Amino acid sequence: MLLSVGMNILLNPHLCADHCQYAGDLLVHYVTHFCQLYGQNMLTYNVHGLVHLSHEVVKYGTLDTVSCFAFESYLGQLKRMERKPTSPLEQVIRRISEQQVKTAKDPSDHLRKIAEKTPYFRTPSQRYCCDL
171 MLLSVGMNIL LNPHLCADHC QYAGDLLVHY VTHFCQLYGQ NMLTYNVHGL VHLSHEVVKY
231 GTLDTVSCFA FESYLGQLKR MERKPTSPLE QVIRRISEQQ VKTAKDPSDH LRKIAEKTPY
291 FRTPSQRYCC DL
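Residue numbers (my numbering): 171 to 302.
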């Protein structure tokens, strides 16, 4: 109940204006009794971070107006680029390359840059081929 009420206050702009200190006190009380409730092995740095949350709300605004999840959001974008469980890094690199080709002004420039960087594109018969 301490965590739920404290977080609800910090999320609500109307309640937060008057009760931010109270929400901070609730979260500190929750963290101090966390070990008794859940055990020492469950105590992590994230739980300790709750102690500082009300100070951050005073500094940056209510929690619903602050995006603390930028990296998780981008991680979701990277995960959506993966098609199957094997070779995830290669798949993400391919999807990013495909996006760069789509956004390039002249796709042939992008292909030329890839050909210059990648030695296995070079063949003995290259002098008979036209430039990309």
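We treat Cβ as the ideally placed atom computed from N, Cα and C, and that holds for glycine.
Quantities reported herein were computed from a predicted structural model and do not represent experimental measurements.
So, for residue i: in the same chain, excluding its five sequence neighbours on each side, which residues have a beta-carbon less than 8 Å away from its beta-carbon?
| i | result |
| --- | --- |
| V217 | V201 and F204 |
Is residue i buried or exposed, if buried means 16 or more other CB atoms sit within 10 Å of its CB?
| i | result |
| --- | --- |
| S224 | buried |
| A193 | buried |
| H199 | exposed |
| V227 | buried |
| P294 | With a pLDDT of 49 at P294, under the threshold of 50, the modelled position of that residue is not reliable, and the figure given next carries that caveat. Flag for P294 reads exposed. |
| G246 | exposed |
If you follow the alpha helix (DSSP H) that residue i is in, where does it begin and where does it stop?
| i | result |
| --- | --- |
| P183 | P183 to T202 |
| L259 | P258 to T273 |
| E226 | Y215 to Y230 |
Beta-carbon within less than 7 Å of residue i's beta-carbon, same chain only, minus the 5 sequence neighbours each way: which residues are those?
| i | result |
| --- | --- |
| P183 | T232 |
Kindly list the residues whose CB is nearer than 6 Å to the CB of residue i, restricted to its own chain and excluding five residues on each side of it in sequence; keep chain order.
| i | result |
| --- | --- |
| L220 | L197 and V201 |
So what's residue i in DSSP terms, helix, strand or just coil?
| i | result |
| --- | --- |
| N178 | helix |
Check: Quick one: any contact between the region 244-253 and the region 262-275, if contact means 3 or more CB pairs under 8 Å?
Finding: yes
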